[in-house]
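Contents: one structure, followed by commentary.
There are 2 protein chains.
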Amino acid sequence: MSTYKFGQHIIHSSQVFFLSKQCFGFVNLKPVAAGHVLLAPIRLVQRYSDLNSDEVCDLFLSAQKIGKVIEREYQGTSLTFAIQDGPEAGQTVPHCHLHIIPRKAGDWMNNDDIYTEIDKASKVDNEERTPRSFEEMEKEAKYLRQFFNNDNVKN
Amino acid sequence: MSTYKFGQHIIHSSQVFFLSKQCFGFVNLKPVAAGHVLLAPIRLVQRYSDLNSDEVCDLFLSAQKIGKVIEREYQGTSLTFAIQDGPEAGQTVPHCHLHIIPRKAGDWMNNDDIYTEIDKASKVDNEERTPRSFEEMEKEAKYLRQFFNNDNVKN
Chain A
214 MSTYKFGQHI IHSSQVFFLS KQCFGFVNLK PVAAGHVLLA PIRLVQRYSD
264 LNSDEVCDLF LSAQKIGKVI EREYQGTSLT FAIQDGPEAG QTVPHCHLHI
314 IPRKAGDWMN NDDIYTEIDK ASKVDNEERT PRSFEEMEKE AKYLRQFFNN
364 DNVKN
Chain B
214 MSTYKFGQHI IHSSQVFFLS KQCFGFVNLK PVAAGHVLLA PIRLVQRYSD
264 LNSDEVCDLF LSAQKIGKVI EREYQGTSLT FAIQDGPEAG QTVPHCHLHI
314 IPRKAGDWMN NDDIYTEIDK ASKVDNEERT PRSFEEMEKE AKYLRQFFNN
364 DNVKN
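So the protein sequences, as listed, match chains A and B.
Under the numbering used here, the residues of the first sequence are numbered 214 to 368, in order.
Under the numbering used here, the residues of the second sequence are numbered 214 to 368, in order.
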């Protein structure tokens, strides 16, 4: 089983559902909503400005593909895309990553509350939120994987 | 003076500080923080999935350039990048746009509150927030313009 670095964390390929030349998409240990996934460059860099041009284009073209799928599969009608670029923006894992979250009417009392939840979720060592089981995460990644051409993702 | 469409709104070039082949960056009528700027494709499309590949790359390569400048010029140490992609994600102007916001320690009591403010700010008809004067916006756009190669931006 291959693995991917996500800051100080190791992401097993069983949690990875999307792979492009420069990026990997993976399911979330503590999602704020069903379908809340993360997309990161394979190369470990902290800041958005550290990405080279190929990585920038790959990341955001990949985000289009992933967004379409998760919006549809999780019955969303909108999407939230967010990068917390640096600690003062709420980044807790020092590896640049994009949050992609399907949204729907009434998903939160207040549309804005989701951002509070993102910050909590991105702290994988945060005790406030119960982490999901690896079995649940693997099941979700396997489900999502079918919608992408991921010849290189090992199962 | 040329103008740019931003959904139903007209943005005068005097408020535009950045221009690429596909995108324009402009100052905010109701910023949530000093240096909170917006970047949009010149072509009016509502959803992120509506952007073509050239627009996606241009938008996010431009975002790198703008982010570096506003972080430095507004004494930030981090950046928030966010797209509210659809009404259920808080999008109020139906023209795909990226929020770029310089962040610093203690800029809000809670890092997350900025998202509440973004939603308010993106409602340009929102009465809760006092709009800035056009003179103030023009002054800021002129200041920022010096940091970019904007041969095509009319002053």
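Note that the Cβ used here is the ideal one computed from N, Cα and C, for glycine as well.
None of these values were measured; they are calculated from a predicted model.
Rounded separation between residue i and residue j - CA only
| i | j | result |
| --- | --- | --- |
| Ala253/B | Gly220/A | 31 Å |
| Ile224/A | Thr216/A | 6 Å |
| Phe239/B | Ile255/B | 12 Å |
| Tyr287/A | His222/A | 27 Å |
| Ala295/A | Leu274/A | 15 Å |
| Phe347/B | Cys270/A | 34 Å |
| Glu284/A | Gln235/B | 26 Å |
| Gly280/A | Gly319/B | 32 Å |
| Lys243/B | His249/B | 9 Å |
| Phe237/B | Leu292/B | 19 Å |
| Gln359/B | Gln359/A | 48 Å |
| Ser266/A | His308/A | 17 Å |
| Ala246/A | Glu301/B | 14 Å |
| Glu268/B | Ser262/B | 11 Å |
| Leu272/A | Lys352/B | 34 Å |
Counterpart residues of residue i in DSSP-defined beta bridges
| i | result |
| --- | --- |
| Phe219/B | His222/B |
| Thr293/B | Gln297/A and Ile314/B |
| Pro254/B | Cys236/B |
| Phe231/A | Gly238/A |
Environment of residue i [buried if 16+ CB atoms lie within 10 Å]
| i | result |
| --- | --- |
| Arg260/B | buried |
| Val229/A | buried |
| Ser233/A | buried |
| Asn362/B | exposed |
Nonlocal neighbours in the same chain, by C-beta distance under 6 Å from residue i, ignoring five residues either side
| i | result |
| --- | --- |
| Lys317/B | Gly289 and Thr290 |
| Leu357/B | Phe230 |
| Met350/A | Gln228 and Val240 |
| Pro344/B | Leu242 and Lys243 |
Cβ shell of residue i (< 8 Å), same chain only, five flanking positions each side left out
| i | result |
| --- | --- |
| Ala354/B | Ser227, Gln228, Val229, Phe230, Phe239 and Val240 |
| Lys278/A | Phe231 and Phe361 |
Close beta carbons around residue i, own chain, < 7 Å, minus the five adjacent residues each side
| i | result |
| --- | --- |
| Ala276/B | Leu252, Phe294, Leu311 and Ile313 |
| Pro315/B | Ala246, Gly248, Ile283, Glu284, Tyr287, Gly289 and Leu292 |
| Gly299/B | Arg260 |
Rounded distance between the beta-carbons of residue j and residue i, thought under 8 Å
| i | j | result |
| --- | --- | --- |
| Lys218/A | Leu257/A | 5 Å |
8 Å Cβ cut-off: residues of chain E touching residue i
| i | result |
| --- | --- |
| Thr290/B | Included in the structure are the protein chains A and B, with no chain E among them. |
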